[in-house]
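What follows is a single structure, written as structure tokens, with notes after it.
Numbering (my numbering), first residue to last: 68 to 637.
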């Protein structure tokens with residue numbers, strides 16, 4: 068609810084990414100009063116279509132706590148509603164010309180309690196409530212995420228008995244620490260007006276308790292929900308120290324915080340697609356990782372019985388260290404050799420075993436392939452490039468033993484999920500990379516493959532997303548010996564995109580609907596198409612990152628993979 072005459076004055080605090088081109092999205096429930104103290108206390112509900120209750124993302128607009136409007140929501144939230152991933156509620160609150168802090172946080176807390184009170188009416192899962200906002204809206208989102216629950220179980224008002232806690236929060240250029248006003252320049256008057264001071268009031272003359280009570284950083288504790296902080300290095304309205312200080316404080320107490328630094332980014336965020344991907348991926352991981360668990364995968368007895376199995380075959384040796392694989396092939400022999408497929412398990416390169424892909428290998432073998440699940444050296448034993456050395460050794464072993472096991476040495480493919488998907492994509496693109504070949508055996512033979520199906524795969528280890536994640540993620544640091552900034556050459560070599568050229572085979576990508584958008588390999592596939600290489604993408608409807616565990620998702624994966632391998636290997 069925008070106050071007249073203030074829009075131009077506070078435009079720098081307004082949300083930057085609003086409704087764009089395409090079909091407009093109108094609220095299913097508009098201007099619903101969540102309290103009756105002031106007309107501003109209202110919200111709009113954008114209800115996604117679903118047969119079961121969905122999570123909700125509460126959007127809190129910016130505007131310096133004294134301007135802005137709930138009537139405009141970001142395009143990426145609109146898209147999520149249209150896709151049925153979660154509903155969105157956009158909240159209006161009292162501005163500082165009406166009341167100062169804590170009126171704004173009280174209003175937003177009340178709105179969240181009101182949403183939970185009406186969860187059944189709006190088909191919302193009350194256990195999955197997130198908040199996101201720009202600037203002032205980001206501050207309010209973080210304050211609610213980190214503050215203790217404001218529920219009053221003894222209240223006569225049923226709304227007040229509801230929880231105000233959040234499942235997660237996203238801050239886009241949000242202020243977090245009013246003590247910084249004493250040490251850094253903050254020229255905008257809104258900081259002071261929020262806590263009842265006139266513009267220009269020296270920070271040292273402002274009440275310390277007021278500055279502490281308005282600062283989300285004050286409430287950082289171990290039980291806080293996960294937060295994503297997105298902030299630009301060139302933000303001259305909210306210095307990036309706000310995000311960095313909160314990130315450090317949350318890490319210090321053991322809470323979960325992800326910091327996305329946008330190099331050269333100003334106060335208006337997000338503008339780049341990769342930053343939007345980080346935001347949407349974070350929300351999907353926190354809200355929908357188990358939204359549709361499906362039936363646990365089972366392979367029928369007839370399929371298992373139709374196969375010949377050769378277990379614990381040594382395929383590579385490094386001194387005394389031996390690596391094994393399990394081989395699956397149709398029990399009925401044919402005169403014609405069959406294509407081979409290497410199956411590479413996931414586990415963040417640091418855990419897991421080849422048994423996790425046994426069902427996938429057997430299901431593909433039953434469709435006329437010779438498949439092998441392989442063990443490889445995990446990062447706790449040997450860092451990169453050990454894992455890709457092992458995958459290449461497995462391909463060479465298949466060629467060396469082609470006649471013995473009825474394999475066509477000219478037609479070998481690979482597949483794998485997550486870390487295995489990454490290694491699959493790297494195997495497909497690094498045919499001429501001598502540094503990645505290794506000496507596990509049969510080095511007189513080629514390790515090139517002729518087709519690949521990469522599942523939930525990362526294809527660009529040099530991306531900004533991986534740069535940010537690698538600063539704290541033990542998976543990437545253990546695999547590649549440090550963060551991207553510390554080991555850029557290792558990350559470059561480990562990136563399938565680095566090695567992509569016109570000699571590479573067809574690659575099909577699959578990812579769960581609720582997986583991070585980076586697993587869709589959009590940049591990678593665009594470059595493949597520019598090289599006239601065949602590629603494609605299949606979204607596993609309702610699937611999370613580890614979609615092979617659900618029967619419906621598994622069956623879809625096997626069907627589509629078999630079709631692709633049949634087309635390119637038979």
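Every residue gets a Cβ at the ideal spot worked out from N, C-alpha and C, and that includes glycine. It should be emphasised that the depicted structure is a prediction, and the values quoted were computed from it without experimental measurement.
Best match in the options for proximity to residue i [C-alpha to C-alpha]
i           : options               : result
residue 272 : 285, 246 and 255      : 246
residue 474 : 114, 408 and 240      : 408
residue 477 : 604, 462, 153 and 509 : 462
residue 203 : 621, 179 and 260      : 260
residue 599 : 574, 622, 583 and 606 : 574
residue 469 : 382, 333 and 624      : 382
residue 126 : 391, 134, 497 and 110 : 110
residue 466 : 438, 444, 486 and 446 : 438
residue 105 : 159, 112 and 120      : 159
residue 229 : 181, 96, 208 and 187  : 181
residue 525 : 491, 512, 258 and 472 : 491
residue 334 : 348, 300 and 340      : 300
residue 326 : 581, 338, 309 and 391 : 309
residue 545 : 446, 392, 155 and 177 : 446
residue 122 : 609, 499, 351 and 143 : 351
heavy atom of the ligand ZN below 7 Å from residue i C-beta
i           : result
residue 198 : By its list of ligands, the structure shown contains no ligand whatsoever, and the ligand ZN lies outside what it can speak to.
Coil, strand or helix - residue i by DSSP
i           : result
residue 440 : strand
residue 204 : helix
residue 477 : strand
residue 197 : strand
residue 625 : helix
residue 513 : coil
residue 496 : helix
residue 397 : strand
residue 651 : Lying before the first or after the last residue shown, residue 651 is absent from the chain, which here runs from 68 to 637.
residue 89  : Reliability fails at residue 89, whose pLDDT of 39 lies under 50, so the model's placement of it is uncertain and the value that follows must be treated cautiously. The answer is coil: DSSP assigns residue 89 none of H, G, I, E or B.
residue 482 : strand
residue 304 : coil
residue 391 : strand
residue 192 : strand
residue 262 : coil
residue 555 : helix
residue 215 : coil
residue 243 : coil
residue 462 : helix
residue 457 : helix
residue 632 : helix
residue 255 : coil
residue 637 : coil
residue 451 : coil
residue 525 : coil
Element boundaries [beta strand (DSSP E), containing residue i]
i           : result
residue 569 : No beta strand (DSSP E) holds residue 569; DSSP gives it neither H nor E.
residue 325 : 324-329
residue 468 : Counting along the chain, residue 468 falls outside any beta strand (DSSP E), and DSSP gives it neither H nor E.
residue 406 : 405-411
residue 294 : 294-299
residue 98  : 96-100
residue 237 : 235-239
residue 518 : 518-522
Where the alpha helix (DSSP H) containing residue i begins and where it ends
i           : result
residue 532 : 531-537
residue 312 : 308-320
residue 427 : 425-432
residue 547 : 541-547
residue 275 : 275-281
residue 228 : Looking at the DSSP string, residue 228 is not in any alpha helix (DSSP H), and its letter there is neither H nor E.
**Request:** Mind listing, in chain order, the continuous alpha helix (DSSP H) runs of no fewer than 4 residues lying wholly within the stretch 577-607?
**Result:** Every alpha helix (DSSP H) stretch that sits fully inside the stretch 577-607 and reaches 4 residues is listed by chain position as 589-597.
**Asked** Considering only residues of the stretch 334-389, which uninterrupted beta strand (DSSP E) runs meet the minimum length of 3 residues and lie entirely inside it, listed in chain order?
**Response** The stretch 334-389 contains these whole beta strand (DSSP E) runs: 374-385.
**Prompt:** Should the stretch 253-268 be regarded as contacting the stretch 213-227, the criterion being three or more beta carbon pairs within less than 8 Å?
**Reply:** Of all C-beta pairs linking the stretch 253-268 to the stretch 213-227, fewer than three are shorter than 8 Å, placing the two stretches out of contact.
**Item:** Continuous beta strand (DSSP E) assignments of at least 3 residues falling wholly in the stretch 107-184
**Value:** Entirely contained in the stretch 107-184, the beta strand (DSSP E) runs reaching 3 residues are, in chain order, 109-113, 121-127 and 154-158.
**Prompt:** Using 8 Å as the threshold, is the stretch 292-302 in touch with the stretch 162-170, meaning 3 or more CB pairs across them?
**Reply:** Counting Cβ pairs under 8 Å, fewer than three are found: no touch.
**Prompt:** Does the count of Cβ pairs from the stretch 218-226 and the stretch 312-332 closer than 8 Å reach three?
**Reply:** These segments do not touch.
**Request:** Report yes or no: do the stretch 186-204 and the stretch 233-240 share at least 3 C-beta pairs separated by less than 8 Å?
**Result:** Touching, yes.
**Message:** Under 8 Å, with one C-beta from each stretch per pair, do the stretch 448-455 and the stretch 544-564 reach the 3-pair mark?
**Reply:** A contact is defined here as three or more CB-CB pairs under 8 Å, and the stretch 448-455 meets this definition with respect to the stretch 544-564.
**Request:** Tell me, please, whether the stretch 413-431 touches the stretch 618-625 by the rule of three or more beta-carbon pairs shorter than 8 Å.
**Result:** The stretch 413-431 is in contact with the stretch 618-625.
**Prompt:** Taking three-plus beta-carbon pairs below 8 Å as touching, is the stretch 441-450 in contact with the stretch 499-513?
**Reply:** The answer is no - the stretch 499-513 does not touch the stretch 441-450, with fewer than three Cβ pairs under 8 Å.
**Request:** Check whether the stretch 593-608 touches the stretch 373-389, counting contact only when three or more Cβ pairs, one atom from each stretch, lie closer than 8 Å.
**Result:** No, they do not touch.
**the stretch 531-549 touching the stretch 414-427, judged by at least three CB pairs closer than 8 Å** = Contact between the stretch 531-549 and the stretch 414-427 is established, with three or more Cβ pairs separated by less than 8 Å.
**Prompt:** Are the stretch 387-402 and the stretch 337-345 touching, with three or more C-beta to C-beta distances below 8 Å?
**Reply:** Taking 8 Å as the limit for Cβ pairs, the verdict is that the stretch 337-345 does not touch the stretch 387-402.
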